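Q: In mature numbering (1 follows the signal peptide of the UniProt record, and there is no 0), the protein residues as written are -21 to -1, 1 to 509. Below you'll find the structure I mean.
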C-alpha cells in the first residue's frame, strides 16, 4: 500500500480520537435552549468564584490566601506555558541591585508574585499566597554566572546581523537556551517541582553586556505584565514605590457580569472568529494539517527583517492601498511584518485556500478597567484575538494581507467585540477548549507581537559603572519563547523585538518549505516583488 494511504489512515484514526475531545463543546450549544439543573448550578458556582471577592478569598489551615485565577489566565494552552524571556542588555548591570529590588517588590508590594500556582481537582488554577513571608520562604529562584570574555563569543549572529543583506535567518532560540537558561529550570508549568516559585531569574554577566533570562508561568503574566515587573523594580532602585497592584483577585475584564448563554448565538458563534466549536468540528480543522506535520520535519529559526526594508515596503503598500480603497486605514510596520511572515509561511502551498489569520491584541488602555493609570499595576493576561479571514494563494500580494490584518485589528478594538471575545474565552475555559482559531477545512496562521511591551523599559537605573553611550536608555534586545515543547511552530509566528536595526521574529516552516523561502529571499532580498 502507498505512503499516502497510510498517512490518510493515520490522519483518520487521529481524527476519531480527537472527536472525543470535541464532545465537551456540545454543552455550550445545548445550554442555550435546555440547561439541566446540575449544569445551571455548576455554571453559577463558576460565575460566583470569578465575580465575588467575598467568595473567592478563603484561608487554609496554614494561613494561606487562596485566590482563583481569572479565566483569561488559564485558556488552553496558556495554562501550561512557562514564558522564557531573554533581555540582552548592551551594558554591565548591577545584578545585586536588581535582586534586592525584586525581593522588595514581592515582599512589600506585589505579594501575589510570591505565591504558588496550584491546579485544583476541577483542573482550574488558583494562587496559594502566605499571609506572611517567612525568612526561609523562597520568593523567586535566582542564579548568576560570570564570563571572562565578550558576549560576542557566544551570540554575535543573533545580536548583530548585517543590515545590508535583506531578511536573514539566524540561529534558533535553542541557542540562547543552551547558553543562558539553566537546564534545571522547568520547561512547562506542569514540570514545576513541588513548592516551586513562580519566577525564575538567571543573570549572565559579561565584561561588555548582561543577559537577564526569566521564566514565569503564562497564567501569571503576559509580556506587558513582565515589563511592568521590570519597570516596578527600576522604580524601587530609584526610591520610587510601585503603583498599587491591580487585579489581586476577581475578574476585571468586560462581560464578567453575564453568562455565555445570555448572549445571542449570532454574536458568540461567528464564523472566522474565536468561538465554541460544535461536535465534530475540530477534527475537520486538524485533518488538513496532519499530512504535512507527519511527512515533513520542521525547521525553526530566528528571522531578522531590516527596518529600512520594512519602512520602504510600508510606504509602497500604503500608496497602493490608498488608491485601491476609499475607506483606506493606515497600516503599521507591524502589519507589514505580519503580512510578510504570513505570505512566507504559505509559499509552498500552491492551491488557493481560505486562511484564518489571527493576531493577539492586548487590552491595556482599551477597556475602562485597565486605563493607562491602572495598567501600570496590572501584570496578568488581558489578551483578545483579532481574525482576518480571506482567500490566499501564491499570487496574493503582501499588501493585501497587511490591509486585511489592519482592518481586523480595528474591528477587534470595538468595545462590543472585546466583550464578546472575553465571554467566549470564559466559556472555553469552562469546557476546556483550546484557543486555536480556525474553521473546518480552512487553514490558519497566528501571530503574537511582543514589541509594544518593551517601549518604556529602561535598565538605566541599574547600569554598573560608566555607560557606553551617554544619555538615553541602554540598548537591549528581547528574545524568547512562549509555547509548549511539542507544539508545531509552523502554524504561528512570534514577533519578539523591535530595535533601530529591525525586527526579530520566531519563524518556522517545514524543511521543503524553508528551502523555497530561502531561495526566494536570495533572489529578492528587498521583497519588492512580494
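Each residue gets a CB set at the ideal place from its N, CA and C atoms; glycine is no exception. None of these values were measured; they are calculated from a predicted model.
Fully enclosed by the stretch 70 to 105, which beta strand (DSSP E) runs are 3 residues long or longer?
A: As far as the stretch 70 to 105 is concerned, its whole beta strand (DSSP E) runs of at least 3 residues are 95 to 98.
Q: Under the three-state reduction of DSSP, which class applies to residue 159: helix, strand or coil?
A: In this structure, residue 159 counts as helix in the three-state DSSP scheme.
Q: From 463, 298, 495 and 143, pick the residue whose C-alpha is nearest to that of residue 288; which is it?
A: Considering only alpha carbons, the answer is 143.
Q: Would you tell me roughly how many angstroms separate the C-alpha atoms of residue 128 and residue 71, rounded to the nearest one?
A: Roughly 13 Å between the two C-alpha positions.
Q: Express the C-alpha separation of residue 489 and residue 109 in angstroms, rounding to a whole number.
A: Whole-angstrom Cα-Cα distance: 47 Å.
Q: So, helix, strand or coil for residue 292, using DSSP?
A: Here residue 292 sits in helix by DSSP.
Q: How would you call residue 465, buried or exposed, if buried means at least 16 neighbouring beta carbons within 10 angstroms?
A: It counts as exposed.
Q: Find out if the Cβ-Cβ distance for the pair residue 430, residue 374 is shorter than 8 Å.
A: Cβ distance not < 8 Å, so residue 430 and residue 374 don't count as in contact.
Q: Give the secondary structure of residue 189 by DSSP, where H, G and I count as helix, E and B as strand, and everything else as coil.
A: Residue 189: strand per DSSP, three-state reduction.
Q: Would you mind stating whether residue 93 and residue 66 have Cβ atoms separated by less than 8 Å?
A: No. Outside cutoff.
Q: I'd like to know if residue 280 contacts chain B, where contact means its C-beta is closer than 8 Å to some C-beta of that chain.
A: The chain labelled as chain B is not found in the depicted structure, where only one protein chain is given.
Q: Are there three or more Cβ pairs, one per stretch, closer than 8 Å when the stretch 181 to 189 is compared with the stretch 322 to 332?
A: The answer is no - the stretch 322 to 332 does not touch the stretch 181 to 189, with fewer than three Cβ pairs under 8 Å.
Q: Of the residues 412, 232, 114 and 175, which one's Cα is nearest the Cα of residue 361?
A: The shortest Cα separation from residue 361 among 412, 232, 114 and 175 belongs to 232.
Q: According to DSSP, what are the bridge partners of residue 335?
A: 368 and 423.
Q: Just grab the DSSP bridge partners of residue 283 for me.
A: For residue 283, which the question treats as bridged, DSSP gives the partners 147 and 483.
Q: When you compare only the Cα positions, how much space is there between residue 91 and residue 169?
A: Going from the Cα of residue 91 to the Cα of residue 169 covers about 19 Å.
Q: Using the three-state DSSP reduction, which class does residue 139 fall into: helix, strand or coil?
A: Note: residue 139 maps to coil in three-state DSSP.
Q: To which residues of the same chain is residue 87 closer than 8 Å at the C-beta, ignoring the five residues directly before and after it?
A: Around residue 87: no qualifying Cβ.
Q: In this structure, how does DSSP classify residue 493 when only helix, strand and coil are distinguished?
A: Residue state, collapsed to three classes: helix.
Q: Can you tell me where the alpha helix (DSSP H) with residue 401 in it begins and where it stops?
A: 394 to 410 is the extent of the alpha helix (DSSP H) around residue 401.
Q: Residue 301: buried (16+ other C-beta within 10 angstroms of its C-beta) or exposed?
A: Looking at its Cβ environment, which holds fewer than 16 other Cβ atoms inside 10 Å, residue 301 is exposed.
Q: My guess is that residue 314 and residue 385 are in contact by the Cβ rule of under 8 Å, so how many angstroms apart are they, rounded?
A: Rounded, the Cβ-Cβ distance is 5 Å, consistent with contact.
Q: Residue 481 and residue 283: beta carbons closer than 8 Å?
A: Contact flag set, yes.
Q: My understanding is that residue 215 touches residue 355, with C-beta atoms under 8 Å, so please give their C-beta distance in whole angstroms.
A: The Cβ separation is near 14 Å, so there is no contact.
Q: Please identify the residue among 506, 427 and 227 whose C-alpha is closest to the C-alpha of residue 468.
A: For residue 468, the nearest C-alpha among the options comes from 427.
Q: Could you tell me which of 244, 123 and 54 sits nearest to residue 399, measuring between CA atoms?
A: For the residues 244, 123 and 54, the minimum Cα distance to residue 399 belongs to 244.
Q: Out of curiosity, what's the CA-to-CA distance linking residue 27 and residue 383?
A: Caution is warranted here: a pLDDT of 47 is assigned to residue 27, below 50, making its placement in the model unreliable, and the coordinate value is therefore given only provisionally. If you take the alpha carbons of residue 27 and residue 383, they lie about 39 Å apart.
Q: Is the beta carbon of residue 296 closer than 8 Å to that of residue 378?
A: Yes, Cβ-Cβ distance for residue 378 and residue 296 is below 8 Å.
Q: Return the CA-CA distance between residue 344 and residue 199, expressed in angstroms with no decimal places.
A: Approximately 19 Å between the Cα atoms of the pair.
Q: What separation, rounded to the nearest whole angstrom, lies between the Cα atoms of residue 310 and residue 381?
A: Residue 310 and residue 381: Cα-Cα distance of roughly 7 Å.
Q: Going by DSSP, what residue range makes up the beta strand (DSSP E) through residue 43?
A: Run containing residue 43: 43 to 47, per the beta strand (DSSP E) assignment.
Q: Do residue 152 and residue 281 have their C-beta atoms closer together than 8 Å?
A: Yes, the Cβ-Cβ distance between residue 152 and residue 281 is below 8 Å.
Q: For residue 277, does the three-state DSSP call read helix, strand or coil?
A: Reduced to three states, the DSSP call for residue 277 is strand.
Q: Residue 62 bridges to which residues according to DSSP?
A: Residue 62 pairs with 195.
Q: Taking the straight line between their C-alpha atoms, what separation do you get for residue 248 and residue 255?
A: Whole-angstrom Cα-Cα distance: 7 Å.
Q: Tell me whether the beta-carbon of residue 221 lies closer than 8 Å to the beta-carbon of residue 89.
A: Against a cut-off of 8 Å, the Cβ pair of residue 89 and residue 221 comes out as a contact.
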